[in-house]
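Chains as they are written, first to last, in the working numbering: chain A, 83 to 303; chain B, -7 to 128.
Note that CB positions come from ideal geometry on N, CA and C, so glycine has one too.
Reading through the structure tokens given below for one structure.
Here it is in structure tokens:
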């Protein structure tokens, strides 16, 4: 899968290395020729191009029409926005992500239909996750919110602690997908046991969330 | 008319002074307070120091009730972003974004953004003068 990264700063470089290691076909487009040259020396298997990512000709040189994803991670939000809009609207790239440097711009990006990643967003999410230990967190909403994938951390007083999957009476339209035990991910069978400290990841229809929460955590809302 | 001008360079300051002396309510935004020195004495509008594509700054400039926005900063991308915020988020009736790169101007015209490309206009004018015709 071909991924085009625009911006060869620290974020772009790290992202390129990381994705290349995972087997993606990567190219990095960097505006500053000197930086591009240094990058090309450092990153062996990655195609580095010097040029402005806001310039349609440069994007075409970088084979944007072949890209399954474009990630704009320059230090300028206005550039990231334009790059993503070009990728999405002019070249129909299926997945387009922009880095937002100033959190104030997030709403603007969202309004204009561009998915964003911002460090502020991530840090707040991490804090939020930390503070909802012992609670059930929605990881993903599917089908316009009709179905969601949720995660619950099992505490010692949870009704499911030390029980086998087959002994649980799961509410209708709910399914346990995985149990996370420390670093291990377990695909549960009837005889898998849920222990204190595990995380349960389940899929459920929205109407059943409350009963699922009650089952996992012993409290409903 | 309530007009917001973003960018107080040569074009922005002249435009602001002209519109203000014709009696329009002009708000001019620039990231550097120093650039407001360019404004002529005929300017009696409001100056705001800040980044023009910051939605909060645009709101302070009254974008919600603005009749027109001109994005004339020295960055094409900034102008495009400001233009889109004004047009699509705040439905400002008349929005103009100034461009230097003709390639970009063409693309953004396709996206429904009114752009003026100084490079093309300048080239055509010079061509016209050189050839002694009106030019385009």
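Measure the alpha-carbon distance for residue i versus residue j and round it to whole angstroms.
| i | j | result |
| --- | --- | --- |
| residue 174 of chain A | residue 122 of chain A | 28 Å |
| residue 204 of chain A | residue 185 of chain A | 11 Å |
| residue 102 of chain A | residue 125 of chain A | 10 Å |
| residue 159 of chain A | residue 69 of chain B | 9 Å |
| residue 252 of chain A | residue 246 of chain A | 12 Å |
| residue 91 of chain A | residue 164 of chain A | 18 Å |
| residue 264 of chain A | residue 189 of chain A | 36 Å |
| residue 81 of chain B | residue 87 of chain B | 12 Å |
| residue 156 of chain A | residue 113 of chain A | 9 Å |
| residue 295 of chain A | residue 202 of chain A | 29 Å |
| residue 215 of chain A | residue 275 of chain A | Per-residue confidence for residue 215 of chain A stands at a pLDDT of 45, beneath the threshold of 50, marking its modelled position as unreliable; no derived number is given. |
| residue 240 of chain A | residue 299 of chain A | 5 Å |
| residue 94 of chain A | residue 140 of chain A | 17 Å |
| residue 121 of chain B | residue 96 of chain B | 26 Å |
| residue 31 of chain B | residue 8 of chain B | 7 Å |
| residue 137 of chain A | residue 99 of chain A | 24 Å |
| residue 180 of chain A | residue 100 of chain B | 19 Å |
| residue 67 of chain B | residue 168 of chain A | 17 Å |
| residue 77 of chain B | residue 47 of chain B | 7 Å |
| residue 106 of chain A | residue 277 of chain A | 37 Å |
| residue 110 of chain A | residue 116 of chain A | 14 Å |
| residue 242 of chain A | residue 266 of chain A | 19 Å |
| residue 86 of chain A | residue 172 of chain A | 15 Å |
| residue 218 of chain A | residue 198 of chain A | 25 Å |
| residue 117 of chain B | residue 64 of chain B | 20 Å |
| residue 71 of chain B | residue 258 of chain A | 50 Å |
| residue 244 of chain A | residue 225 of chain A | 33 Å |
| residue 108 of chain B | residue 62 of chain B | 10 Å |
| residue 54 of chain B | residue 60 of chain B | 11 Å |
Assuming residue i contacts residue j under a Cβ cut-off of 8 Å, what Cβ separation, rounded to an integer in Å, is found between them?
| i | j | result |
| --- | --- | --- |
| residue 84 of chain A | residue 177 of chain A | Not confirmed; about 11 Å, so no contact. |
| residue 19 of chain B | residue 49 of chain B | That belief does not hold up - the Cβ atoms of residue 19 of chain B and residue 49 of chain B are roughly 10 Å apart, past 8 Å. |
| residue 290 of chain A | residue 272 of chain A | In fact, because the Cβ distance is near 21 Å, the residues do not count as touching under 8 Å. |
| residue 286 of chain A | residue 255 of chain A | 6 Å |
| residue 105 of chain B | residue 124 of chain B | About 35 Å; that fails the 8 Å criterion. |
| residue 182 of chain A | residue 200 of chain A | 4 Å |
| residue 5 of chain B | residue 34 of chain B | Not confirmed; about 11 Å, so no contact. |
| residue 133 of chain B | residue -1 of chain B | No statement about residue 133 of chain B is possible, as the shown extent of chain B runs from -7 to 128 and does not include it. |
| residue 57 of chain B | residue 40 of chain B | About 15 Å separates the two Cβ atoms, so there is no contact after all. |
| residue 118 of chain A | residue 130 of chain A | 5 Å |
Should residue i be counted as a contact of the ligand SAH given a C-beta to heavy atom distance under 7 Å?
| i | result |
| --- | --- |
| residue 56 of chain B | Judged by which ligands are present, the structure shown has none, so any question about the ligand SAH falls away. |
Would DSSP call residue i helix, strand or coil?
| i | result |
| --- | --- |
| residue 235 of chain A | strand |
| residue 173 of chain A | coil |
| residue -4 of chain B | strand |
| residue 104 of chain A | coil |
| residue 271 of chain A | coil |
| residue 24 of chain B | coil |
| residue 83 of chain A | coil |
| residue 222 of chain A | strand |
| residue 34 of chain B | coil |
| residue 240 of chain A | coil |
| residue 249 of chain A | helix |
| residue 29 of chain B | helix |
| residue 228 of chain A | coil |
| residue 8 of chain B | helix |
| residue 92 of chain A | helix |
| residue 298 of chain A | helix |
| residue 149 of chain A | coil |
| residue 99 of chain A | helix |
| residue 254 of chain A | coil |
| residue 215 of chain A | In this predicted model, residue 215 of chain A has a pLDDT of only 45, less than 50, meaning its place in the structure is not dependable enough to derive any value. |
Along chain B, in chain order, which residues have C-beta atoms closer than 7 Å to that of residue i?
| i | result |
| --- | --- |
| residue 261 of chain A | Result: empty, since nearest Cβ-Cβ is about 44 Å, beyond 7 Å. |
| residue 172 of chain A | 99 |
Below 8 Å on C-beta distance, what does residue i contact in chain B?
| i | result |
| --- | --- |
| residue 307 of chain A | For chain A, the structure presents residues 83 to 303; residue 307 of chain A sits outside this window and is missing. |
| residue 168 of chain A | 99 |
| residue 113 of chain A | Going along chain B, no residue has its Cβ under 8 Å from residue 113 of chain A, so there is no contact; the nearest lies around 12 Å. |
What in chain A is Cβ-close to residue i, meaning under 7 Å?
| i | result |
| --- | --- |
| residue 72 of chain B | 164 |
| residue 67 of chain B | 160 |
| residue 91 of chain B | Here the premise fails: no neighbours, minimum Cβ distance about 11 Å. |
| residue 103 of chain B | 171 |
Name the chain B residues whose beta carbon is nearer than 9 Å to that of residue i?
| i | result |
| --- | --- |
| residue 189 of chain A | 47, 81 |
Residue i touches chain A at which residues, Cβ-Cβ below 9 Å?
| i | result |
| --- | --- |
| residue 108 of chain B | Near residue 108 of chain B there are no residues of chain A at all, since even the closest Cβ is about 17 Å away, more than 9 Å. |
| residue 88 of chain B | Those do not exist, as residue 88 of chain B stays about 17 Å from chain A at its closest Cβ, beyond 9 Å. |
| residue 77 of chain B | 190, 193, 194 |
- Item | alpha helix (DSSP H) runs wholly inside the region 37 to 122 of chain B, at least 4 long, in chain order | 47 to 52, 68 to 76, 94 to 102
- Can you check the region 151 to 206 of chain A for any alpha helix (DSSP H) of at least 4 residues that lies completely inside it and give the ranges in chain order? 159 to 167, 188 to 193
- List in chain order: all unbroken alpha helix (DSSP H) runs of 4+ residues lying wholly within the region 112 to 147 of chain A. 115 to 124, 138 to 143
- Query: According to a CB-to-CB cut-off of less than 8 Å, which residues of the region 176 to 203 of chain A neighbour chain E?
  - Reply: Structure shown: chain E not included; protein chains present are A and B.
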